[in-house]
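What follows is a set of notes on a single structure, which appears directly below.
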Amino acid sequence: MYVIDKNVFIILGHYYPKRFTRVWEKIDNLVVEGKLWSVREVRKELEVHCPFLHIEEWVAKNKDIFKKPTEDELYIVSEIFKRPHLRGFVKRSNLLKGLPVADPFIVAAAKISGTYVVTEEKYAKGGARIPTACEEFGINCINTE
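Each residue of the sequence shown is one higher than the last, beginning at 321 in this note's numbering.
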């Protein structure tokens with residue numbers, strides 16, 4: 321199973337469904353099988369900014385894969401923010417603008433469900449990056465390659 325970051329949807333945006341039908345068939349099959357999902361905050365981030373109409377349409381059609389955080393996940397989010405270097409997940413400017421922040425929720429969802437995180441972020445030791453948090457919390461983290 322895979323919990324997907326927003327940047328993966330942006331990468332997928334370059335694969336237009338009419339041209340890359342097999343890619344989208346595989347993605348849709350993973351969704352139907354319950355093996356590919358994300359968190360509500362990723363959907364909110366995509367609602368704020370998504371450069372691809374077909375991704376917007378796909379997200380709207382598959383809105384049920386964007387899950388609300390559970391109580392257990394919220395506990396993990398609080399554990400994430402106890403680590404000063406991971407507080408950088410929430411940029412002050414985004415906080416002041418009221419923009420959604422998905423990264424800690426992605427990490428928490430993967431931790432509780434025991435799934436892989438898929439992100440295009442790069443590991444940065446001591447940085448507020450999904451791969452860094454995944455390493456610290458014992459979560460498998462991969463990219464689309």
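Where is the CB? At the ideal position from N, CA and C, for every residue including glycine.
Item	Value
Taking the alpha-carbon positions, what's the Ile-347 to Asn-382 distance?	11 Å
Which residues in the same chain have their Cβ closer than 8 Å to the Cβ of Glu-455, if we skip the five residues on either side of it in sequence?	Tyr-443 and Cys-461
Just mark Thr-439 as buried or exposed, buried being the case when its beta carbon has 16 or more other beta carbons within 10 Å.	buried
Using a 10 Å radius around the Cβ and a threshold of 16 neighbouring Cβ atoms, would you call Phe-329 buried or exposed?	buried
Here's the rule: buried if 16 or more other CB atoms are within 10 angstroms of the residue's CB, otherwise exposed. What is Ser-358?	buried
Judging by CA-CA distance, which residue of Val-343, Val-352, Gly-446 and Leu-366 is the nearest neighbour of Gly-408?	Gly-446
From His-374 to Leu-419, what distance separates their C-alpha atoms?	23 Å
So Val-323 and Val-437 are in contact, right, with Cβ under 8 Å, and what is the actual spacing, rounded?	5 Å
Below 8 Å, can you find three or more Cβ-Cβ pairs linking the region 409-418 to the region 379-395?	no
Verify whether the separation of the beta carbon atoms of Leu-366 and Lys-326 is less than 7 Å.	yes
Going by C-alpha to C-alpha distance, which of Trp-344, Gly-458 and Ala-453 sits closest to Pro-404?	Ala-453
State the beta-bridge partners of Val-359 as determined by DSSP.	Lys-387
With a threshold of 16 other CB atoms inside 10 Å of the CB of Val-424, please say whether the residue is buried or exposed.	The amino acid occupying residue 424 in the given sequence is Pro; Val does not appear at that position. Result: buried.
For Ala-428, count the other beta carbons within 10 Å of its own beta carbon; 16 or more makes it buried, fewer makes it exposed. Which is it?	buried
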